[in-house]
Amino acid sequence: MFGGRVCFLKKDNVFITGYAKLPKGITAAEIYNEIVIGIIVNRYSGEIQDMECSFVTDTAKKYAKELLIGKNLNNIKEIVSDIEDNYFGMAKKSFIAVLINCHERYKIILSKRCK
52 MFGGRVCFLK KDNVFITGYA KLPKGITAAE IYNEIVIGII VNRYSGEIQD MECSFVTDTA
112 KKYAKELLIG KNLNNIKEIV SDIEDNYFGM AKKSFIAVLI NCHERYKIIL SKRCK
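Note that my numbering has the sequence shown beginning at 52, numbered continuously upward.
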């Protein structure tokens, strides 16, 4: 129930993608040119259920999952702070930008859910 209205949606989870340019001169930029993240988010709670990204190394992909799965997209400032404090890859700014992009898309989904 949202704002006194009951909303019926097909799925609890939604799939959201985000894209951001990668800095020149790093391996990922030579291969992909931009970072892509796909996340599965519970549309009601904002909790990130799963994610995948276009980082080059498996270690970076695993660490990105560790940083994001279980976090709440409604708390984007907390997620960004966690990345700033713990992720020191060359794509840090792009990683943050793509998550903010996903957050913006999630806000659009929230704004449409009860109309």
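Backbone N, C-alpha and C define an ideal beta-carbon position, used for all residues, glycine too.
Inter-residue CB distance, residue 197 and residue 138 (contact presumed, cutoff 8 Å): There is simply no residue 197 to check, as the chain begins at 52 and stops at 166 in what is shown.
Spatial distance of residue 87 from residue 130 (CA atoms): Mapped onto the sequence shown, residue 87 falls at position 36. Mapped onto the sequence shown, residue 130 falls at position 79. C-alpha separation (whole angstroms): 17 Å.
Proximity of residue 69 and residue 150 at Cβ, strictly below 8 Å: Translated into the one-based positions of the sequence shown, residue 69 becomes position 18. Translated into the one-based positions of the sequence shown, residue 150 becomes position 99. Taking 8 Å as the Cβ cut-off, residue 69 and residue 150 qualify as a contacting pair.
Does the distance from the C-beta atom of residue 159 to that of residue 147 stay below 8 Å? Position 108 of the sequence shown, counted from the first residue, corresponds to residue 159. Position 96 of the sequence shown, counted from the first residue, corresponds to residue 147. Not in contact: residue 159 and residue 147 (Cβ atoms no closer than 8 Å).
May I have a chain-ordered list of the alpha helix (DSSP H) segments no shorter than 4 residues that lie completely inside the segment 109-149? 109-119, 127-137
Reduced DSSP category for residue 64 - H, G, I as helix; E, B as strand; rest coil: Translated into positions along the sequence shown, residue 64 becomes position 13. Reduced to three states, the DSSP call for residue 64 is strand.
Kindly give me the distance between the Cβ atoms of residue 153 and residue 67, rounded to whole angstroms, as I take these residues to be in contact under 8 Å. As a working mapping, residue 153 is identified with position 102 in the sequence shown. As a working mapping, residue 67 is identified with position 16 in the sequence shown. That pair is a contact at about 5 Å.
Distance cutoff 8 Å, beta carbons only. Does residue 72 sit that close to anything in chain D? Among the protein chains of the structure shown there is no chain D, as only one such chain exists.
Our contact map puts residue 99 next to residue 122 with C-beta atoms below 8 Å; I'd like the distance itself, whole angstroms only. Mapped onto the sequence shown, residue 99 falls at position 48. Mapped onto the sequence shown, residue 122 falls at position 71. That belief holds up - the Cβ atoms of residue 99 and residue 122 are roughly 5 Å apart, short of 8 Å.
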